[in-house]
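Asker: One structure follows; several queries about it will come next.
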Amino acid sequence: MKFQIMQKYNIEIWGLLGVILVMAEIWSMTLICMFASLSAFTVALLTIAVDGMRDIEVQLTVFFLLALLYTAIGYRPVKKLIRRNADEQYRNITGDTATVLGVPLEPGKTGQVRWSGTDCKAAVEGDETIDVGVEVMITDIRGNIFIVRRKKKNE
22 MKFQIMQKYN IEIWGLLGVI LVMAEIWSMT LICMFASLSA FTVALLTIAV
72 DGMRDIEVQL TVFFLLALLY TAIGYRPVKK LIRRNADEQY RNITGDTATV
122 LGVPLEPGKT GQVRWSGTDC KAAVEGDETI DVGVEVMITD IRGNIFIVRR
172 KKKNE
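The sequence shown begins at 22 in our numbering and counts up one residue at a time.
If you want it as structure tokens, here you go:
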């Protein structure tokens, strides 16, 4: 009698749980929901293919074991891939020009520049102070801080 609805509609419920977990992953970007959703879809398929998977306790056990297995195997490679793509995503900004805003940029301190109409944090490369209104070149990005140097006349 327990879990009667789950046993009658188990394939649909596992599929729906998989879809809900995919949506949760899109919202949270933690990767944990991704592996749980993969596990839910796998349980739905196994329930169709394997006769012994009709019992809810077996399905729940397989779901949790698969979620742990998928997470253990896939978390680091996927996280590494995502991080590498995020780092490369902003590399096209280097070489662009920005303008110093607010206060002069001083070595060892963070200031602001305007790049492409957006005010951004910036730090000076080297030991030169750069005055407000001076054009600078973005040479690197560290986290969310542009590393800049004074733009040369021929650049």
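For glycine and all other residues, C-beta sits at the position ideal for the given N, C-alpha and C.
Quick caveat: nothing in here was measured; it's all calculated off a predicted structure.
(1) Helix, strand or coil: how does DSSP classify T63 here?
(2) Would you list the residues sitting across from D140 in a DSSP beta bridge?
(3) Counting beta carbon pairs with one atom in the segment 84-94 and one in the segment 125-137, are three or more of them shorter than 8 Å?
(4) On the CB-based measure, 16 or more other CB atoms within 10 Å of its CB, does S58 come out buried or exposed?
(5) Helix, strand or coil, according to DSSP, for L87 in the structure here?
(6) Hey, how far is the Cα of A70 from the Cα of I41?
(7) Give me, in chain order, the residues of the same chain whose beta-carbon lies closer than 8 Å to that of M22; leave out the 5 immediate sequence neighbours on both sides.
(8) Excluding the five sequence neighbours on either side, which residues of its own chain have a C-beta within less than 6 Å of the C-beta of E33, listed in chain order?
(9) Which same chain residues end up closer than 7 Å to K172 when comparing Cβ atoms and leaving out the 5 residues on each side of it in sequence?
(10) Could you say which of N31, V124, F62 lies nearest to E78 if we only look at CA atoms?
(11) Just the Cα atoms here: how many angstroms apart are L126 and K142?
(12) What are the start and end residues of the alpha helix (DSSP H) that includes I41?
(13) Helix, strand or coil, according to DSSP, for L122 in the structure here?
(14) Given this structure, state the Cα-to-Cα distance separating A93 from G73, to the nearest angstrom.
Answerer: Let's see:
(1) As a first step, residue 63 is located in the sequence shown; it is residue number 42 there, counting from the start. Three-state result, T63: helix.
(2) The sequence position of residue 140 within the sequence shown is 119, counting from 1. Answer by DSSP bridge pairing, in chain order: R135.
(3) The segment 125-137, when compared against the segment 84-94, does not touch it at the 8 Å Cβ threshold.
(4) As a position in the sequence shown, residue 58 is number 37, starting the count at 1. The C-beta of S58 has 16 or more other C-beta atoms within 10 Å across all chains shown, which makes the residue buried.
(5) Locating residue 87 in the sequence shown gives position 66, counting from the first residue. For L87, the three-state secondary structure derived from DSSP is helix.
(6) Counting from one through the sequence shown, the residue named residue 70 turns up at place 49. Counting from one through the sequence shown, the residue named residue 41 turns up at place 20. I41 has its alpha-carbon roughly 23 Å from the corresponding atom of A70.
(7) On the sequence shown, position 1 is the one that residue 22 refers to. For M22, the predicted model reports a pLDDT of 47, less than 50, meaning its position is unreliable; a value from the coordinates is still stated below. Counting only Cβ-Cβ distances below 8 Å, and skipping sequence neighbours, we find nothing.
(8) On the sequence shown, position 12 is the one that residue 33 refers to. Nothing listed; no residue qualifies.
(9) As a working note, residue 172 is residue 151 in the sequence shown. Counting only Cβ-Cβ distances below 7 Å, and skipping sequence neighbours, we find T118, E156, V157, M158.
(10) As a working note, residue 78 is residue 57 in the sequence shown. Among N31, V124, F62, the Cα nearest to that of E78 is on N31.
(11) Translated into positions along the sequence shown, residue 126 becomes position 105. Translated into positions along the sequence shown, residue 142 becomes position 121. C-alpha separation (whole angstroms): 10 Å.
(12) Here residue 41 refers to the residue found at position 20 when the sequence shown is read from its first residue. 31-49 is the span of the alpha helix (DSSP H), which, as asked, contains I41.
(13) Translated into the one-based positions of the sequence shown, residue 122 becomes position 101. Note: L122 maps to strand in three-state DSSP.
(14) What you label residue 93 is simply residue 72 of the sequence shown in a count that begins at 1. What you label residue 73 is simply residue 52 of the sequence shown in a count that begins at 1. Each residue's CA atom was taken as its position, placing A93 and G73 some 26 Å apart.
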